[in-house]
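Q: Sending over a structure as structure tokens; questions will come in a sec.
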Amino acid sequence: MKESLEVSKGVLRRRLRDYALEILPLLRVTVTSMEVDGDHRVSVRGKNEENSSIRDVYVEILQQHRKVGPHVLTSFSQDAERQGLVDKIFVSTSGFTQEARDYALSNGIILRTPRDFDSMQTGVDVKPRVSHNIFERVYADSWDMGQAQEHFSKRRKRSFLLFFGSDERVESVEGRHAPVARFVLARADGMSADSASQDGISNIFHVNLNTCELYYIHLGVSGDSPSLRSSNVLMRLLGLPFPAVELFSWLVERKQVKFENLTQQEHNYMSKNVDLVSILLRRNLISPMQDHRGMMVGYFSNVNVPSFADKRYDLDIFAEVKESVESEYAPDEIEYNPSDVLNILTTLFRSNGQFNGVTYLSYYICKYMDSNGLIRFGQENSVRLHNQHTAP
66 MKESLEVSKG VLRRRLRDYA LEILPLLRVT VTSMEVDGDH RVSVRGKNEE
116 NSSIRDVYVE ILQQHRKVGP HVLTSFSQDA ERQGLVDKIF VSTSGFTQEA
166 RDYALSNGII LRTPRDFDSM QTGVDVKPRV SHNIFERVYA DSWDMGQAQE
216 HFSKRRKRSF LLFFGSDERV ESVEGRHAPV ARFVLARADG MSADSASQDG
266 ISNIFHVNLN TCELYYIHLG VSGDSPSLRS SNVLMRLLGL PFPAVELFSW
316 LVERKQVKFE NLTQQEHNYM SKNVDLVSIL LRRNLISPMQ DHRGMMVGYF
366 SNVNVPSFAD KRYDLDIFAE VKESVESEYA PDEIEYNPSD VLNILTTLFR
416 SNGQFNGVTY LSYYICKYMD SNGLIRFGQE NSVRLHNQHT AP
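According to my numbering, numbering within the sequence shown proceeds without interruption in unit steps and concludes at 457.
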């Protein structure tokens, strides 16, 4: 039995090594050295040929059942740094969590999954494929690729007087589409801290199902230049016990809570939920409030989002929507289940609601590289917004 198991592991090890040798040419990587760790990991040092230049690159291919998290990428990045390698590619057969994608974006790691490869045939020189996608409903794009490239070019870092810092160049600009879910919420409980007159109101909320960002419109001081903003509050609340989310809802709506202003019933509520308060403190969703003597006198919310009734949550009021659009920009994967997001939304805003479809939002990602070979990424949403005075 033991001998059979060892043979099985050997087969798996060879299969993973063979898989690595199949996909490395697709990444334009020539192997310098390869290390096989058991039947689940291959580490490769190699040469990467891109844009007529050859650079050293570190590649890791990991096979496991669960998605790769940021802790795995942190260890991978540290290994690359110890070897003096700047270019990094990580291939996961099981995909990546959103936290891992965020880490990779800010640390110059290129992520790949099997679906990213057009062919599994060794030695095939794959050229970027222009694919076309049909989206049933999209927000009108405010830029084309040329305008996006110009935008990012203007925002590249430059050295100061040729002595301080280093110049950046735009390596590439990629267009993408984010799946934005539309949720219709209604509340009739009269629990608003602002006014009891808000009974019976409804509103529409939009959430990115790839990143779990909650969108809203910022109108600026004059209201003449609306811009799209987002909050990561929903992602931070996912996985918390619902009583903790309910407590946070009570706190965030008031912005701050002073013990001296609480009713006896509210004092009792806080006292019975000390463990939930601790959870919110650990997640940095709230912070203790102190007086001039350093004594704790209450809590304040670290999250600042518009109130439930604020119509700035409804992007459809401010953004132009188009039906049945064909685009070469690829859609992001849906990482968050709409029903899970809806549960958090309705708990946070103490409401009932329903999921009402997806509208795709275009955005652009720019890869910068400076004269020292350091990589930085920039990202900008591209949506055509109405002035508040002309919004329908």
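Yeah, the Cβ is synthetic: ideal placement off N, Cα and C, and Gly gets one too.
1. Which two residues bound the contiguous alpha helix (DSSP H) that contains P135?
2. Taking the straight line between their C-alpha atoms, what separation do you get for I282 and L450?
3. So for A374, helix, strand or coil by DSSP?
4. Going residue by residue through the stretch 197 to 227, where are the continuous beta strand (DSSP E) segments of at least 3 residues, counting only ones entirely within it?
5. Within 8 angstroms, do at least three Cβ pairs link the stretch 240 to 248 to the stretch 391 to 399?
6. Buried or exposed for H357, going by 16 or more other Cβ atoms inside 10 Å?
7. Can you tell me whether DSSP reads V189 as helix, strand or coil?
8. Whose C-beta lies closer than 6 angstroms to the C-beta of L176 among residues of the same chain, with five residues either side of it excluded?
9. Counting C-beta neighbours from all protein chains within 10 Å, is the total for P198 16 or more, i.e. buried, or is it exposed?
10. Within the continuous alpha helix (DSSP H) that includes A165, where are the two ends?
11. Express the C-alpha separation of A309 and K219 in angstroms, rounding to a whole number.
12. Once the 5 residues before and after Q212 are set aside, which same chain residues still bring their CB inside 7 angstroms of it?
13. Whose C-beta lies closer than 6 angstroms to the C-beta of C277 among residues of the same chain, with five residues either side of it excluded?
14. Just tell me which of Q330, L274, L293 has its CA closest to the CA of L303.
15. The alpha helix (DSSP H) that contains A384, what's its start and end?
16. Could you tell me the alpha carbon to alpha carbon distance between S159 and Y84, rounded to whole angstroms?
17. Does the structure place the stretch 407 to 419 close enough to the stretch 325 to 345 that three or more beta carbon pairs sit under 8 angstroms?
18. Report the residue from N437, F307, L312, S296 whose alpha carbon sits nearest the alpha carbon of N338.
19. If we ignore side chains and look at the alpha-carbon of each, how far apart do C431 and Q444 end up?
20. Can you list, in chain order, the residues of its chain whose CB lies under 6 angstroms from that of S471, leaving out five sequence neighbours each side?
21. Quick check: what's the CA-CA separation for F373 versus M210?
22. Drop a sphere of 10 angstroms on the beta-carbon of R80, count the other beta-carbons inside from all chains shown, and report buried for 16 or more, exposed for fewer.
23. Just mark S157 as buried or exposed, buried being the case when its beta carbon has 16 or more other beta carbons within 10 Å.
24. Just to confirm my understanding: we take K323, look at its own chain, exclude 5 residues before and 5 after, and list those with CB closer than 6 angstroms. What are they?
25. From Y334, L316, N417, V406, pick the residue whose C-alpha is nearest to that of V368; which is it?
26. CB-CB under 8 angstroms to S262, same chain, minus the five flanking residues each way: which ones, in chain order?
27. Using beta-carbon positions only, say whether R247 and N421 come within less than 8 angstroms of one another.
28. Since R202 contacts V448 with CB under 8 angstroms, what's their CB separation in whole angstroms?
29. How long is the line joining the alpha carbons of S100 and R106, rounded to whole angstroms?
30. With distances taken from CA atoms, which of M434, Y429, H271 is nearest H216?
31. According to DSSP, is Q329 part of a helix, a strand, or is it coil?
32. For N437, count the other beta carbons within 10 Å of its own beta carbon; 16 or more makes it buried, fewer makes it exposed. Which is it?
33. Only counting runs of 3 or more residues, tell me where the beta strand (DSSP E) segments fall wholly within the stretch 396 to 445, in order along the chain.
A: This is what the structure gives:
1. 135 to 147
2. 9 angstroms
3. coil
4. 198 to 204
5. yes
6. exposed
7. With a pLDDT of 40 at V189, under the threshold of 50, the predicted position of this residue should be treated as unreliable, though the coordinate-derived value follows. V189: coil per DSSP, three-state reduction.
8. F155, F161, A169
9. Checking the sequence shown, residue 198 turns out to be Asn, not Pro. Flag for N198 reads exposed.
10. 163 to 172
11. 44 angstroms
12. none
13. L299, M300, Y401
14. L274
15. Note, A384: premise wrong, no alpha helix (DSSP H); not H, not E.
16. 14 angstroms
17. no
18. L312
19. 6 angstroms
20. This structure gives no information on residue 471, because the portion of the chain shown stretches from 66 to 457.
21. 36 angstroms
22. exposed
23. buried
24. V362, G363
25. L316
26. At S262, the pLDDT of 38 sits below 50, so the modelled position is not reliable; the number obtained from the coordinates is stated separately. Hits under 8 angstroms: none found.
27. yes
28. Between V448 and R202 the Cβ distance is about 13 angstroms, and since that is not below 8 angstroms, they are no contact.
29. In the sequence on display, residue 100 carries Glu and not Ser. If I take the Cα positions, the gap works out to 8 angstroms.
30. Y429
31. helix
32. exposed
33. 417 to 435
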